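Those letters in the sequence shown? Residues -1 to 140, by the numbering used here. Built from N, CA and C at the ideal position, the CB exists for glycine as well. Please read these numbers as outputs of a predicted model, since none were measured by experiment. To start, the structure under review is shown below, and the notes come after it.
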Amino acid sequence: MGEKLTQCTSEEFPPQATGGTRGITDKTTPQLVEVRPAVADDLPAVRRIVTAAYAEFEPWLTPANWAVMTSNIAKVIESGAPGLLRVAQLGDQLAGTVTYLPPGPKDYRHVPPEWAVIRVLGVDPALRGRGWRVPSPRIASP
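Here it is, written out as structure tokens:
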């Protein structure tokens, strides 16, 4: 397994956010979706997923705004970016990704510092609509 992609330590996240992998049932297949911290080897697939997931917004933005948006997205998913980059793996392929920023000081100043932030949530468009569900849902609290 490769290097973890986060500048945050596990002490900054509730146990539910870092306690290993989380299994999620995919209703359409017998496969298990594994949610885990991203590693360096995941970055090419994360970039591919995010590019595909956000491409649907390009027609709605001016070229200048699209350039700003894609630049901001690239900064969120680059190696060493703040937050915890997680991936969802279905079999031998990555199905999705998300970045979690815990409550507290952060460069992202669009919400109060006491709020947690989820950024760049992306699901491979080819794998959307499968009805994934968490077997025993619970909300991570700070």
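DSSP, reduced to helix, strand and coil, places L59 outside both helices and strands of the structure shown, so it counts as coil. Going by C-alpha positions, V31 is about 25 Å away from A79. In the displayed model, A36 falls within coil according to three-state DSSP, outside both helix and strand. Minimum Cα-Cα distance from P123 among the listed residues D40, V48 and R117 corresponds to V48. Per DSSP, the continuous beta strand (DSSP E) segment holding V96 begins and ends at Q91 to L99.
Within its own chain, the residues whose Cβ lies closer than 6 Å to the Cβ of V74, once the five positions on either side in sequence are excluded, are T97, R117 and V118, listed in chain order. Scanning D39, L59 and E54 for the CA closest to the CA of V121 turns up E54. Approximately 7 Å separates the beta-carbon atoms of L82 and P35; this is inside 8 Å, confirming the contact. In the structure shown, the three-state DSSP call for V31 is strand. D40 counts as buried, since no fewer than 16 other beta carbons sit within 10 angstroms of its beta carbon.
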